[in-house]
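What follows is a short report on a single structure.
Residue numbers (our numbering): 8 to 364.
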């Protein structure tokens, strides 16, 4: 079997790194040949979310378009074309139509409500041209569809009956509790993500202020986003990198995942929470979408649907190392049993074999 993976981002992009690249060693074990082709290069990705560099972005985009056209020609030599999120960000699904014309087997995988208009405003350069309305046709043209949760699957089933739910998995051997975690009086609340999702932190500002005043040994670390920490001395912004991601997570005592309840966020796969759980720390999250199924309140994490609930549940965890340890242990068990790569490989391979026929 030969598979061509068409993905939007280089390995720095979390989505295809976790939903595609983690499975590659298991494909090698089965003797499956593959090629991963990102649309955006690492150089392009480094400037993608910056406000400047418009001309450079346009040149990068044109270059990426040429390479993607060549990918379509290469696709004719493969048994399966696996499209993660999108094959090309602009216009109608002409690549999928070409693949269908040549009778190629296509699997379409998505982990966000990409059938809705993006609302973050973090990347206007790409959002301005994105044709989210093409998603139903891409689903209909595919021989198999993989979604990250039931909300997305329910949408996909309107256009294709061959839909499989596979949550975004985590390598629990790599994303593991820190063996050298130092227990001290300092407690760290952490958030990890991107500039796209850091807008969800804005309502937390007043909550942070109350907690920082109440607990002088508390610090708050924001990794990968940008939070307005003016007047909040113990809130730090740290740049994200592949090299510091795991260490940053392991240094948290508590992870947070605030989100508004919208159509877009209901499509999120709660992967931030899964990462926290994998490294054995308690997560406090808004009860939105799949998160309410992932987190059993007071057992393997906490759900907070109001400012008072956020302050109460974070305070409980800050005050009690024993509670943090118990919740973190249960969270780790959930991640290993249900959300590890190893637990989801059989479903992934089953979809590949079924589509190939």
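Here a beta-carbon is modelled for each residue, glycine too, at the ideal position from N, C-alpha and C.
Residue 50: member of the alpha helix (DSSP H) spanning 49-55, first to last residue.
Only buried fits residue 292, as 16 or more other CB atoms lie within 10 angstroms of its CB. Look at the region 211-255 and you find these whole runs of beta strand (DSSP E), each 3 residues long or longer: 225-230, 242-245.
Here DSSP, grouped into helix, strand and coil, assigns residue 32 to helix. If one requires a minimum length of 3 residues, the beta strand (DSSP E) runs lying completely within the region 279-324 are 290-292, in chain order. Here DSSP, grouped into helix, strand and coil, assigns residue 341 to helix.
Each residue's CA atom was taken as its position, placing residue 116 and residue 303 some 27 Å apart. Comparing alpha-carbon positions, the option among 236, 332, 342 lying closest to residue 278 turns out to be 342.
Within the same chain, and ignoring the five residues on either side of residue 151 in sequence, the residues whose Cβ sits closer than 6 Å to its Cβ are 114, 169, 358, 362. The criterion of a C-beta distance shorter than 9 Å is not satisfied by residue 101 and residue 196.
Rounded to the nearest angstrom, the Cβ distance from residue 296 to residue 333 is 26 Å, too far for a contact under 8 Å. Counting the other CB atoms within 10 Å of its CB gives residue 16 a total of 16 or more, which places it among the buried residues. Under DSSP, residue 264 shares a beta bridge with 292. Within a 10 Å sphere around the beta-carbon of residue 306 sit fewer than 16 other beta-carbons, which makes this residue exposed. Here DSSP, grouped into helix, strand and coil, assigns residue 26 to helix.
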